[in-house]
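> As you go down the protein sequences, you meet chains A and B in turn. So for the first sequence, the working numbering puts the first residue at 733; every next one is plus one. So for the second sequence, the working numbering puts the first residue at 733; every next one is plus one. Before anything else, here's the structure in question.
There are 2 protein chains.
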Amino acid sequence: MNSAVRTIDPTSDAAIAASVAPRPIEEIGAGLGVPAEALFRYGHDKAKIALPFARTAEAKADGKLILVTAISPTPAGEGKTTTTIGLGDALAHAGKRVAIALREPSLGPVFGSKGGATGGGHAQIIPMQDINLHFTGDFHAISAAHNLLAAAIDNHVYWGNELGIDTRRINWRRVVDLNDRALRSVVVGLGGPGNGFPREDGFDITVASEVMAIFCLARSLEDMEERLGRMVVAQTRTRQPVIAAQLKVTGAMTALLRDAFQPNLVQTLEGTPALVHGGPFANIAHGCNSVMATRTALGLADYVVTEAGFGADLGAEKFLDIKCRQAGLAPSVVVIVATVRALKMHGGVAQKDLAPENVAAVTLGAANLVRHIENIGQFGVPAVVAINRFTSDTPAEIAAIEAACGEVGARVHLCTHWADGSAGALSLANDVVRLADGPSAFHPLYASNLPLVEKIDAVAKKIYRAGSVAIEPGALKKLGEFEALGFGDLPVCMAKTQYSFSADPSRRGAPEGFVLPVRDVRLSAGAGFVVVLCGEVMTMPGLPSRPAAENIFVDETGFIGGVF
Amino acid sequence: MNSAVRTIDPTSDAAIAASVAPRPIEEIGAGLGVPAEALFRYGHDKAKIALPFARTAEAKADGKLILVTAISPTPAGEGKTTTTIGLGDALAHAGKRVAIALREPSLGPVFGSKGGATGGGHAQIIPMQDINLHFTGDFHAISAAHNLLAAAIDNHVYWGNELGIDTRRINWRRVVDLNDRALRSVVVGLGGPGNGFPREDGFDITVASEVMAIFCLARSLEDMEERLGRMVVAQTRTRQPVIAAQLKVTGAMTALLRDAFQPNLVQTLEGTPALVHGGPFANIAHGCNSVMATRTALGLADYVVTEAGFGADLGAEKFLDIKCRQAGLAPSVVVIVATVRALKMHGGVAQKDLAPENVAAVTLGAANLVRHIENIGQFGVPAVVAINRFTSDTPAEIAAIEAACGEVGARVHLCTHWADGSAGALSLANDVVRLADGPSAFHPLYASNLPLVEKIDAVAKKIYRAGSVAIEPGALKKLGEFEALGFGDLPVCMAKTQYSFSADPSRRGAPEGFVLPVRDVRLSAGAGFVVVLCGEVMTMPGLPSRPAAENIFVDETGFIGGVF
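Spelled out as structure tokens, the structure:
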């Protein structure tokens, strides 16, 4: 038995969520025009939308798309997911036909320290415990598909290695949906000839799998299988790429992913429909929910609110340059979430000193917010600011934000959805509708046919405001190789710290003129982007000294406590 | 794309299964008295029985329990699962209120070579592709719970190792539900101090996890968590056991297993309800479906047909001595499945020479069957023989079996359920009802309070007919330690080759007087048995040179082909 006291904090997200009885999922589906027979139910309050129905909806996809993004993250937090949910609820409250599209949580953060991904307070999606744990099994399916390919590679080598795979150059690692640092770097195949050829290997967390990225970008099962087949998994002794299709298990991988590929339908505490589906890493991948979910939602609702990972320099840029480009999406409005406390940190205040009023710091830190607003403008999409309000925020601090935003023509809305649900985001919702129904002229930041180096340059200089880009010679050579192999038209997927516009996480605010280092590049041929590594990227987190898992339990009624 | 031709063989199990439209799972539930609101549905044709309802049913558990077991397996095959399903269908056809209880398939064999576990021909459970792939996610939940504990152990060592775990003596390996020989023996924690302490480790297939065994023996979530906490996962430098409870994640593990613990409900091709739940290894564990499923089925139906792994010497013995003892079950009848072809192999015929009639070989090989019949009698339960008939079987061969069985008072029934469904197992069903409604006086083979060595002796001599048992000194010492620690009352779980009564897989038929070697013993303190290793046990299979995964695909309608 755990030593922790097993009681439910009545102010916790779990307690608030438990106070609301979810509506039958058939009712939620019916609200979007999904008939019960097109719902593949998982119990009473979760369902997948059957693929044939989803395909018809996504082919239409004519709703207005609203992206929620944020300032550069700080330890003070922003509340991007709660704002996405609160805005969706407020649009529904205003009588709009709306759907929310979100990423699925990973078990790693749930058991680690980051927490779940189902919002908080009175802006949550439910059933929150289920969604934060196995949900409908999508991540398990992705793990199984990924690891089947890994097993097939070593098995191919074992049985004669007809493809001539160089066991030193197998880049297809294994995955597990947990934080487990001991698996970052391992040696497999030990124990004698019967167990294969010893070689270096490692495990990533499932969300870092290219299968996850493909799952979230594929337009159909056929498209998914083709993308899976294109993945480069190894090289031969003569450095020729070995692709997944050569291992002959992409059919079985697709079979493992068939059910998972159907978008999941759940609801907010206020009964607003939410499609929660897929969840790729936001550094080595593009960090947003599946194209299937977003397009299906756009086919079913008039307004779709979705979010992207990290701050707008990474999450929104990738959403716009990778996801929207690949999926034929054109967002109508971008909402940028900020908090007074986080802007103070961007203005140089330490986390322990956030409590007292500090208008000067807010004004200084607002430069980060203003930069993100300007950046969204470069994509031709109108932006609006949502301040996720804390009771400690003062009128003068808020006025400082409004003044800074006013200079670049962005409106600011104070939001209290965390405490008040939809009622706390009505002014934001009204403005979002006004902007969404007005003109928008979305275009990606750079053209697909630009050389890869120039694409990196465009993001670095236009979005990050780097003075220059320093690409390691090895990385530069690889970029040339990718172009020679016919991958020059792919967008770039920048893997940079989320805490700064620069590659230095300690440089908060709005630095400019710095050198952006490019350490390495990787081809994600199946996902369809070139990953640009601007620093160390951790693809397998570790658990903290007191993992959140220690607080989780099932009580005698079957209620799961301790999930926040 | 796979190179394999993507067509469906119209005589395949998949094609036969696809020709039947499954009835809505609510109808199947209603037939057992399970109301729709007590069904946690997974789509239209799969459901879990909600735990509160299942608990009420299993507390009653007053149906008649029929165990299907088999002769010692040979490469010729027996058809135990098809017989279990065919008998269930035949009982339903005869108007009985019946439920089938079966194990869930593992992805390892599905993608390897052994195949699925959903029966065959006209005796199948459906939806067969779903059941053979993720089904309701139970094995994924078990994998996640198992690996969370593994991560917690290395994390504990990383953050200071307060428990003083000796990293050379961590016996809690990791699991994956795939055949992946490269993971049998690995070194983890490489790559520097940030990744932990390098140590030897390895992966088992999920069905070999003690979590799986516990899942299948626990009577409630509370019981499950207590059992999880008792598992010995490591030793300290002074050889003191470290148990899972000390890692403080058994609450989170139970939360991961909460939904999975509810028995799954599906149906046969003829609409007979089947509870398919859990699937532990039959060598280092007890090899039968969950106690929850069996007891719930007994509470809902008048007759429950279930099966045990391997041949009767292993599967039935463990079913009776471990599962029935722990779960308070008393079977009414045991059905022993045999085929003419398999008995020929026990009579010394090679697989390639099975076609011609060979009455002498059948008579010789029937000694294996007769031995199993006699053994079942030692448990006080009546036995009946089911011959899973092949068209090549001759009347003289069948007469030889009948003659041999007649000498020990066992009736023989010719069954053609594979070809004919329930109609092919009616005589068997009638006899099973007659025996089930007659007297039965089940008792385990040995008393719980016997010393562990004497329990091993009882199984070896009474069931296997060994002349003597040779226990390695190290194993003998450990048995004494287990008894000193208070585990002397546990039953023994024999891990021996399934191909022979002896420990030598090449000795078919009915050998006797041999020496049974006991190489090692292991304590499964959570599952509640002492594993007795009578040879090498493979807990992570490998893939063959042409894995079955290469044939699996999704067609344009979403149909999954190539799963047999």
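Just so you know, even glycine gets a beta-carbon here, dropped at the ideal spot from N, CA and C. As the structure is a prediction and not an experimental result, all values here were calculated from the model.
Hey, how far is the Cα of B:D1152 from the Cα of B:H825?
Taking the first residue of the second sequence as 1, we reach residue 1152 of chain B at position 420. Taking the first residue of the second sequence as 1, we reach residue 825 of chain B at position 93. Cα to Cα, B:D1152 sits roughly 13 Å from B:H825.
> For A:T856, which beta-bridge partners are listed by DSSP?
Residue mapping note: residue 856 of chain A aligns to position 124 of the first sequence, counting from 1. The question names Thr, yet the displayed sequence has Gln at residue 856 of chain A. Per DSSP, A:G851.
> What is the DSSP secondary structure of B:N864, counted as helix, strand or coil?
Against the second sequence, residue 864 of chain B aligns to sequence position 132. If DSSP states are grouped into helix, strand and coil, B:N864 belongs with the helices.
> What's the gap between the Cα of B:E1039 and the Cα of B:A1168?
The residue labelled residue 1039 of chain B in the question sits at position 307 within the second sequence. The residue labelled residue 1168 of chain B in the question sits at position 436 within the second sequence. About 16 Å.
> Closest to A:R1027 by C-alpha separation, out of A:H1145, A:G1079, A:L895 and A:E790, would be which residue?
Reading the first sequence from its first residue, position 295 is the one you call residue 1027 of chain A. It is A:E790 whose Cα lies nearest to the Cα of A:R1027.
> Check the Cβ of A:G775 against every Cβ in chain B and list those closer than 7 Å, keeping chain order.
Counted from its first residue, the first sequence places residue 775 of chain A at position 43. Residues of chain B passing the Cβ test: F772 and R773.
> Can you find a CB in chain B that lies within less than 8 Å of the CB of A:S735?
Indexing the first sequence from 1 puts residue 735 of chain A at position 3. A caution first: A:S735 carries a pLDDT of 45, below 50, which makes its placement in the model too unreliable to give a value.
> Given this structure, state the Cα-to-Cα distance separating B:N734 from B:L865, to the nearest angstrom.
For the purposes of this step, residue 734 of chain B is taken as residue 2 along the second sequence, with counting starting at 1. For the purposes of this step, residue 865 of chain B is taken as residue 133 along the second sequence, with counting starting at 1. For B:N734, the predicted model reports a pLDDT of 44, less than 50, meaning its position is unreliable; a value from the coordinates is still stated below. Distance between the alpha carbons of B:N734 and B:L865: 19 Å.
> Looking at C-alpha atoms only, which residue of A:I902, A:G848 and A:C948 is the closest neighbour of A:R971?
What you label residue 971 of chain A is simply residue 239 of the first sequence in a count that begins at 1. Per the Cα distances, A:I902.
> Scan the stretch 876-898 of chain A for residues whose Cβ lies nearer than 8 Å to a Cβ of chain C and list them as they occur along the chain.
Going by chain labels, chain C is absent from the structure shown, which instead holds the protein chains A and B.
> Using DSSP with H/G/I as helix, E/B as strand and the rest coil, what is A:Q1058?
Along the first sequence, one-based indexing puts residue 1058 of chain A at 326. Three-state DSSP puts A:Q1058 in a helix.
> Please classify A:Q1083 as buried or exposed, where buried requires at least 16 other C-beta atoms within 10 Å of its C-beta.
On the first sequence, residue 1083 of chain A is found 351 positions in, with the first residue counted as 1. With fewer than 16 neighbouring CB atoms inside 10 Å of its own CB, A:Q1083 falls in the exposed class.
> Grab me the residues of A:R951's own chain with a C-beta within less than 6 Å of its C-beta, minus the 5 sequence neighbours each way, in chain order.
The residue you call residue 951 of chain A lines up with position 219 of the first sequence. For A:R951, where only same-chain residues beyond five positions count, there are no Cβ hits under 6 Å.
> Do A:H1145 and A:V1117 come within 8 Å of each other at the CB atom, strictly closer than that value?
Here residue 1117 of chain A corresponds to residue number 385 of the first sequence, with the count starting at 1. Here residue 1145 of chain A corresponds to residue number 413 of the first sequence, with the count starting at 1. Contact: yes.
> I'd like to know whether the C-beta of A:G1267 is nearer than 8 Å to at least one C-beta of chain B.
Within the first sequence, the letter at position 535 stands for residue 1267 of chain A. So, not an interface residue.
> Can you name the residues of chain B whose CB is closer than 9 Å to the CB of A:K1076?
Working through the first sequence from its first residue, we reach residue 1076 of chain A at position 344. Within chain B, no residue comes near A:K1076; the closest Cβ sits about 31 Å away, beyond 9 Å.
> I think A:I1068 touches A:A1099, with their Cβ atoms under 8 Å apart; what is that distance to the nearest whole Å?
Working through the first sequence from its first residue, we reach residue 1068 of chain A at position 336. Working through the first sequence from its first residue, we reach residue 1099 of chain A at position 367. Not a contact, Cβ separation roughly 13 Å.
> Taking the continuous beta strand (DSSP E) assigned at B:I748, which residues delimit it?
Working through the second sequence from its first residue, we reach residue 748 of chain B at position 16. B:I748 -> not in any beta strand (DSSP E); alpha helix (DSSP H) instead, spanning D745 to A750.
> Would you check if the distance between the CB atom of A:A980 and the CB atom of A:H1018 is smaller than 8 Å?
Sequence index remark: in the first sequence, residue 980 of chain A carries index 248 (1-based). Sequence index remark: in the first sequence, residue 1018 of chain A carries index 286 (1-based). Note on residue identity: the sequence assigns Lys, not Ala, to residue 980 of chain A. Cβ atoms of A:K980 and A:H1018: not closer than 8 Å.
> List the residues of chain A that B:F785 touches, going by C-beta distances under 8 Å, in chain order.
Position 53 of the second sequence, counted from the start, is the residue given in the question as residue 785 of chain B. The contacting residues do not exist; B:F785 stays about 12 Å from chain A at best.
> Taking the alpha-carbon of A:A746 as reference, which of A:M860, A:S941 and A:I781 has the nearest alpha-carbon?
Within the first sequence, numbered from 1, the residue matching residue 746 of chain A stands at position 14. Here the closest residue by C-alpha is A:M860.
> Please classify A:V964: does DSSP put it in a helix, a strand, or coil?
Counting from 1 along the first sequence, the entry for residue 964 of chain A is found at position 232. Residue state, collapsed to three classes: strand.
> What residues from chain A crowd round B:E1106, counting only those whose CB sits closer than 7 Å?
By 1-based counting over the second sequence, the position of residue 1106 of chain B is 374. The premise fails here: B:E1106 is roughly 38 Å from chain A at the closest Cβ pair, so nothing lies under 7 Å.
> Would B:E1139 be called buried (16 or more neighbouring beta carbons within 10 Å of its own) or exposed?
If you number the second sequence from 1, residue 1139 of chain B lands on position 407. With fewer than 16 Cβ atoms within 10 Å of its Cβ, B:E1139 is classed as exposed.
> Using the C-alpha atoms, what's the distance from A:T1095 back to A:A1128?
Mapped onto the first sequence, residue 1128 of chain A falls at position 396. Mapped onto the first sequence, residue 1095 of chain A falls at position 363. Their Cα atoms are separated by approximately 10 Å.
> Give a yes or no on whether 8 Å exceeds the smallest Cβ distance from A:G1138 to chain B.
Against the first sequence, residue 1138 of chain A aligns to sequence position 406. Not one chain B Cβ lies under 8 Å of A:G1138.
> Could I get the ranges of all uninterrupted alpha helix (DSSP H) runs contained in the stretch 1112-1163 of chain A, with 4 residues as the minimum, in chain order?
1127-1139 and 1149-1152
> Is it buried or exposed, A:L1217, if we count other Cβ atoms within 10 angstroms and call 16 or more buried?
What you label residue 1217 of chain A is simply residue 485 of the first sequence in a count that begins at 1. That one is exposed.
> Between the stretch 1168-1187 of chain A and the stretch 821-841 of chain A, are three or more C-beta pairs nearer than 8 Å?
no
> Thinking C-beta only, is A:A1006 closer than 8 Å to A:I832?
Counting from 1 along the first sequence, the entry for residue 832 of chain A is found at position 100. Counting from 1 along the first sequence, the entry for residue 1006 of chain A is found at position 274. Yes. Within cutoff.
> Residues in the same chain with beta-carbon distance under 7 Å from A:P679, minus the five sequence neighbours each way, listed in chain order, please.
Given a span of 733 to 1296 for chain A in the structure shown, any question on residue 679 of chain A remains unanswerable.
> Would you kindly check if the distance between the Cβ of B:V1008 and the Cβ of B:L834 is under 8 Å?
On the second sequence, position 102 is the one that residue 834 of chain B refers to. On the second sequence, position 276 is the one that residue 1008 of chain B refers to. For B:L834 and B:V1008, yes; Cβs fall inside 8 Å.
> Since A:P1249 and A:C1266 are thought to touch, with beta carbons under 8 Å apart, how far apart are those beta carbons, to the nearest angstrom?
Translated into positions along the first sequence, residue 1249 of chain A becomes position 517. Translated into positions along the first sequence, residue 1266 of chain A becomes position 534. Sure, about 6 Å apart at Cβ, within 8 Å.
> By DSSP, does B:A802 sit in helix, in strand, or in coil?
Position 70 of the second sequence, counted from the start, is the residue given in the question as residue 802 of chain B. Reduced to three states, the DSSP call for B:A802 is strand.
> Within 10 angstroms of the Cβ of A:P767, are there 16 or more other Cβ atoms? Answer buried if so, exposed if not.
Against the first sequence, residue 767 of chain A aligns to sequence position 35. A:P767 should be labelled exposed.
> Are A:L732 and A:A749 close, meaning C-beta to C-beta below 8 Å?
In this structure chain A extends from 733 to 1296, so residue 732 of chain A is not present and cannot be described.
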